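Protein chains in written order, with our numbering: chain X, 698 to 915; chain H, 6 to 405.
Cβ atoms here follow ideal geometry from the backbone N, Cα and C, with glycine treated the same way.
All values reported here derive from a predicted model rather than from experimental measurement.
In structure tokens form, the structure reads like this:
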């Protein structure tokens, strides 16, 4: 599971106000006043944003001690824990939304984590770096080494990201475990959403990040 | 350990303990008469009884800024003022005071001595109204729930409906959890630090060793030492020495003392306190008996042993907090082996299962269980931030 320092290292586009664009997008997918669990909440930027802009009752789980202590000192309801091991302790339907922002690729069992998210919450919001982005593909194809980008700044030997996937892979996983994709957005490197009517292959090639709103199929 | 010269002083100290048990210095006292008995878990009632307490700060007009601070096993109500017996600073002045996370300029702080204690709340060293002599073992066995029940009566007595927060560490943390379980509507925020929802077998075992040390002292006289003019100070000191080790950690003891000799270059090949750590523990034992009643130590350790919130809630811990409106901030310390982080984590899991609003932080320190009483800036930052957030939600401070 990712820690707050990962996001400090990764250069993710920010709005004029200084907020990460993917977080703004995630927050817009959450209904006002909802009960939200942010898994891998880092230093609490998203929880803070959700509280301020959407009047959300937010809780967080974070692996890094520094992240947790910073969140709690800010007055956020955050506990120290691990997405891979601790989601099982939450009861069914405990939240309206469970959010996993830029953390999926750092979990040991992404599929299990995703299944837990949709058990605990009626909706899930997942954002992740797209490993199918053209800059990633070109680095492997022509330079012959593991890709390093602004959003994935690590060397292969010290990266916390152990389960990379492409937007296409993620859609496939959603279909496999019977999850309904309510809404999907791909962001380019500047943080602007790609054309909504573009085909999946286009997103998979030009989207640097994918942001998905999911719900149970039933 | 206690030489003859100080023995005479300590006998006087024993008399002072009896005096303080009825008439504590620098304390307020709430008395509950025959019309307000304290119903105990043991199935009997305590009546009349009294609670000694201190307060700091001012209660606001709508009585919404009260914080109750619960003390640990050997603590008392002198949380933020000089102790009348030891003349030392209050035991939690690191956390409570001007500019501190719990600032009396903003909050009305109440710190009661627990029932069963020996600093003015009814306990085994208090005078039994029926006999006019100290209760001794005639005093009924009390539980953590009884302590909290008495504190709730104190709150009624003060005309306060809801506490803004209940804060405490160790046995104080147990009281915090009991407050949240017994009176969820009366607790807006709860800060249980370095504690658990039940006392572990290992901790019961340590307590039993302490109690046996007291009861093995011939001066204990079946608990009637106050009546017979004796004082089981050796037993109590040994109990304290043993317990004190559990409050520290191997790393902290090594850092503080190592294998250093006390005021000597070489071992004396005797059973003197050659090592600094021995001398330190003996000092802890001797100073403790000046201010604490041996029977009280038996009663309070017993209360902790009996503590098991899950058992009270039909075996499922989460049920103890079902539907709770209280917000929690659970804190543990990495080197605490008396109440290890796993215990706090179990509390947090139960609170999550109960859908409670909970924060949980583990603080890295080598100071062991005692860390909650020491200078731990991270603890202060967390408590301050949590209370700030809660006070905004409570409307005590304007929202940003």
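Assign residue i to buried or exposed, taking buried as 16 or more other Cβ atoms, counted over all protein chains shown, within 10 Å of its Cβ.
| i | result |
| --- | --- |
| residue 752 of chain X | exposed |
| residue 887 of chain X | exposed |
| residue 828 of chain X | buried |
| residue 354 of chain H | buried |
| residue 172 of chain H | buried |
| residue 55 of chain H | buried |
| residue 727 of chain X | buried |
| residue 92 of chain H | exposed |
| residue 813 of chain X | buried |
| residue 709 of chain X | buried |
| residue 372 of chain H | buried |
| residue 840 of chain X | exposed |
| residue 206 of chain H | exposed |
| residue 19 of chain H | buried |
| residue 714 of chain X | exposed |
| residue 9 of chain H | Unreliable placement is indicated for residue 9 of chain H, whose pLDDT of 49 sits below 50; the coordinate value is still reported in the next sentence. When all chains shown are included, residue 9 of chain H counts as exposed. |
| residue 948 of chain X | The structure shown does not extend to residue 948 of chain X, since chain X is modelled only from 698 to 915, so the question has no answer here. |
| residue 703 of chain X | Any reading at residue 703 of chain X must be qualified, since the residue scores a pLDDT of 46, below 50, and its modelled position is unreliable; the value itself is stated next. When all chains shown are included, residue 703 of chain X counts as buried. |
| residue 872 of chain X | exposed |
| residue 31 of chain H | exposed |
Note down, in chain order, each residue of its chain lying with its Cβ closer than 7 Å to the Cβ of residue i, except the 5 sequence neighbours on either side.
| i | result |
| --- | --- |
| residue 698 of chain X | The pLDDT assigned to residue 698 of chain X is 42, lower than 50, so where the model puts this residue is not dependable; a value taken from the coordinates is nonetheless given after this. Counting only Cβ-Cβ distances below 7 Å, and skipping sequence neighbours, we find 737, 760, 779, 780, 781, 800, 803, 804. |
| residue 237 of chain H | 219, 222, 224, 225, 230, 299 |
| residue 748 of chain X | 755 |
| residue 720 of chain X | 742, 743, 746, 798 |
| residue 39 of chain H | 52, 53 |
To the nearest angstrom, how far is the alpha carbon of residue i from that of residue j?
| i | j | result |
| --- | --- | --- |
| residue 287 of chain H | residue 242 of chain H | 8 Å |
| residue 118 of chain H | residue 717 of chain X | 50 Å |
| residue 79 of chain H | residue 400 of chain H | 35 Å |
| residue 376 of chain H | residue 370 of chain H | 7 Å |
| residue 203 of chain H | residue 279 of chain H | 38 Å |
| residue 290 of chain H | residue 106 of chain H | 31 Å |
| residue 113 of chain H | residue 246 of chain H | 35 Å |
| residue 898 of chain X | residue 358 of chain H | 41 Å |
| residue 239 of chain H | residue 378 of chain H | 26 Å |
| residue 356 of chain H | residue 757 of chain X | 14 Å |
| residue 846 of chain X | residue 832 of chain X | 8 Å |
| residue 271 of chain H | residue 264 of chain H | 12 Å |
| residue 902 of chain X | residue 830 of chain X | 5 Å |
| residue 809 of chain X | residue 785 of chain X | 10 Å |
| residue 368 of chain H | residue 815 of chain X | 32 Å |
| residue 913 of chain X | residue 33 of chain H | 59 Å |
| residue 335 of chain H | residue 896 of chain X | 48 Å |
| residue 282 of chain H | residue 186 of chain H | 40 Å |
| residue 894 of chain X | residue 835 of chain X | 25 Å |
| residue 387 of chain H | residue 64 of chain H | 24 Å |
| residue 253 of chain H | residue 374 of chain H | 6 Å |
| residue 102 of chain H | residue 393 of chain H | 16 Å |
| residue 150 of chain H | residue 762 of chain X | 33 Å |
| residue 333 of chain H | residue 277 of chain H | 48 Å |
| residue 822 of chain X | residue 884 of chain X | 15 Å |
| residue 362 of chain H | residue 817 of chain X | 15 Å |
| residue 108 of chain H | residue 770 of chain X | 16 Å |
| residue 852 of chain X | residue 915 of chain X | 41 Å |
Looking only at its chain, what residues have a beta carbon closer than 6 Å to the beta carbon of residue i, apart from the 5 residues adjacent to it on each side?
| i | result |
| --- | --- |
| residue 731 of chain X | 753, 793, 794 |
| residue 349 of chain H | 335, 337 |
| residue 257 of chain H | 371, 372, 373 |
| residue 305 of chain H | 78, 121 |
| residue 344 of chain H | 199, 200, 201 |
| residue 820 of chain X | 794, 912 |
Run down chain C in chain order and give the residues with a C-beta less than 7 Å from the C-beta of residue i.
| i | result |
| --- | --- |
| residue 357 of chain H | No chain C appears in the structure shown, which is made up of the protein chains X and H. |
Within its chain, find whatever has a CB closer than 8 Å to the CB of residue i; leave out the 5 residues flanking it on each side and keep chain order.
| i | result |
| --- | --- |
| residue 209 of chain H | 310 |
| residue 262 of chain H | 280, 281, 282, 285 |
Legend entry - Length-filtered (4 minimum) alpha helix (DSSP H) runs lying within the stretch 204 to 284 of chain H: Segments of the alpha helix (DSSP H) lying fully in the stretch 204 to 284 of chain H: 206 to 221, 230 to 233, 238 to 252, 255 to 261.
Inset, instruction - Examine the Cβ distances between the stretch 43 to 51 of chain H and the stretch 140 to 147 of chain H and report whether three or more of them are shorter than 8 Å. - result: Verdict: yes, contact present.
Inset, instruction - At 4 residues or longer, and completely inside the stretch 339 to 402 of chain H: list those alpha helix (DSSP H) runs for me, N to C. - result: If we require 4 residues or more, the alpha helix (DSSP H) runs fully inside the stretch 339 to 402 of chain H come out as 346 to 358, 382 to 399.
Legend entry - Completely contained alpha helix (DSSP H) runs for the stretch 735 to 773 of chain X, where each covers 4 or more residues: 742 to 751, 762 to 770, all fully within the stretch 735 to 773 of chain X.
Inset, instruction - Decide if the stretch 764 to 771 of chain X is in contact with the stretch 790 to 799 of chain X; the criterion is three or more beta carbon pairs, one per stretch, under 8 Å apart. - result: No, they do not touch.
Legend entry - the stretch 59 to 74 of chain H / the stretch 154 to 169 of chain H touching (three or more Cβ pairs under 8 Å): At 8 Å Cβ cutoff, the stretches touch.
Legend entry - Segment contact flag, the stretch 313 to 325 of chain H with the stretch 170 to 177 of chain H, C-beta cutoff 8 Å, min 3 pairs: Taking 8 Å as the limit for Cβ pairs, the verdict is that the stretch 170 to 177 of chain H does not touch the stretch 313 to 325 of chain H.
Legend entry - Within the stretch 162 to 189 of chain H, ranges of the alpha helix (DSSP H) (whole runs, at least 4 residues): Listed in chain order, they are 176 to 187.
Legend entry - Contact between the stretch 20 to 31 of chain H and the stretch 123 to 137 of chain H (3+ Cβ pairs under 8 Å): Segments in contact, yes.
Legend entry - Length at least 4, wholly inside the stretch 795 to 880 of chain X: the alpha helix (DSSP H) runs in chain order: For secondary structure counted as the alpha helix (DSSP H) over 4 or more consecutive residues, the stretch 795 to 880 of chain X holds these complete runs in sequence order: 807 to 817, 831 to 835, 864 to 873.
Inset, instruction - Could you tell me whether the stretch 89 to 108 of chain H touches the stretch 187 to 194 of chain H, using the rule of 3 or more Cβ pairs below 8 Å? - result: With a cut-off of 8 Å, the stretch 187 to 194 of chain H and the stretch 89 to 108 of chain H do not count as touching, because too few Cβ pairs lie within range.
Inset, instruction - Counting only runs of 3+ residues fully inside the stretch 16 to 70 of chain H, write out the beta strand (DSSP E) ranges in chain order. - result: List check, beta strand (DSSP E) in window: 33 to 37, 54 to 61.
Inset, instruction - Taking only runs that begin and end inside the stretch 280 to 324 of chain H, name each unbroken beta strand (DSSP E) of 3 or more residues, in chain order. - result: If only complete runs of 3 or more residues are kept, the stretch 280 to 324 of chain H shows no beta strand (DSSP E) anywhere.
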